[in-house]
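Following: one structure in structure tokens, then a few remarks.
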Amino acid sequence: MRFHVITIFPEMFDSYLKESILGRAIQAKKISIKFYNPMDFCEPKKRVDDRPYGGGPGMVLRSEPFLKALEAALRKLKVKSVKLKVINFSPSGKKFTTSYAKESAHKYTDLIFICGRYEGLDARVEKIIKNWKLKIENLSIGDYVLTGGELPAMVLIDSISRQTPGVLGKYESLEEERVSTSEVYTRPEVLKYKSKNYRVPKVLLSGNHTLIDKWKQRS
Ligand code: SAM
505 MRFHVITIFP
515 EMFDSYLKES
525 ILGRAIQAKK
535 ISIKFYNPMD
545 FCEPKKRVDD
555 RPYGGGPGMV
565 LRSEPFLKAL
575 EAALRKLKVK
585 SVKLKVINFS
595 PSGKKFTTSY
605 AKESAHKYTD
615 LIFICGRYEG
625 LDARVEKIIK
635 NWKLKIENLS
645 IGDYVLTGGE
655 LPAMVLIDSI
665 SRQTPGVLGK
675 YESLEEERVS
685 TSEVYTRPEV
695 LKYKSKNYRV
705 PKVLLSGNHT
715 LIDKWKQRS
């Protein structure tokens with residue numbers, strides 16, 4: 505899976521993508537992430553944002569730098585077998601779910617994410633992308649408003665990468681496909697904390713996997 509992220513703040517991704525499972529997946533070339541910064545495509549002495557038509561507070565991201573960043577991303581994809589979708593983050597978009605992540609991992613080779621900021625992106629970008637006959641979807645990661653699309657992009661990269669073959673090792677294998685619970689324990693068997701003992705549930709020490717699975721599914 506190849507992710508292409510259009511953002512004016514690419515450095516925000518640095519530490520998250522360097523570490524742990526995603527860091528290893530990038531090193532092993534199971535996934536790749538490229539950034540395109542609309543600031544690099546701004547005309548000389550022009551800002552990436554401007555005042556909204558119709559008035560109101562906040563600034564709107566201008567179309568031209570974003571379209572040029574998008575064109576740069578598309579130029580990188582000149583391979584016949586590319587299966588591409590463009591995702592525009594928006595709090596009022598379609599809701600992102602695990603099944604959306606699963607479908608994306610299986611259906612596409614390349615995903616382009618457009619990260620908005622401030623009051624959002626000039627609406628004509630979406631219309632132009634549709635004119636290019638590209639698949640584009642407005643996507644929300646939840647019913648709250650964030651300051652930008654960078655966290656949503658990281659959420660999708662994380663969640664879709666987990667569904668990409670070879671990204672999770674056997675210890676971290678997909679919990680959606682096994683019996684799992686958020687109530688988990690590790691050593692010591694008896695935790696002594698401030699003169700009280702906290703024990704691991706007996707069933708987990710029983711070695712009886714039918715009973716253990718039943719316990720995990722109990723609520
Ligand atoms: N006025 C805009 C609207 O109603 O769509 C909200 C702009 S929001 C402050 C700035 C950017 O953050 C959005 O363009 C989008 O990229 C991102 N964003 C904020 N909340 C989001 C959410 N829940 N899901 C996905 N993207 C979100």
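Counting in my numbering, the sequence shown runs without a single skipped number right up to 723 at its last residue. Using N, Cα and C, we set each Cβ at its ideal position, and we do this for glycine too.
Beta-carbon proximity of V683 to V694, cut-off 9 Å = no
How many Å lie between C619 and K696 at the Cα?
-> 47 Å
Buried or exposed: which applies to V552, given that a residue is buried once 16 or more other Cβ atoms fall within 10 Å of its Cβ?
-> buried
Give every residue of the same chain whose Cβ lies closer than 6 Å to the Cβ of I664, excluding the five residues on either side of it in the sequence, and list them in chain order.
-> A605, S608 and A609
Among G527, Y622 and V583, which has the Cα closest to the Cα of T511?
-> Y622
As assigned by DSSP and simplified to three states, the class of Y612 | coil
Does the segment 704-721 come within contact of the segment 668-678, defined as at least 3 CB pairs closer than 8 Å?
-> no
Is there contact here, the segment 570-584 with the segment 535-555, by at least three beta-carbon pairs under 8 Å?
-> yes
Specify whether the segment 636-645 and the segment 579-590 touch according to this definition: at least 3 beta carbon pairs, one from each stretch, less than 8 Å apart.
-> yes
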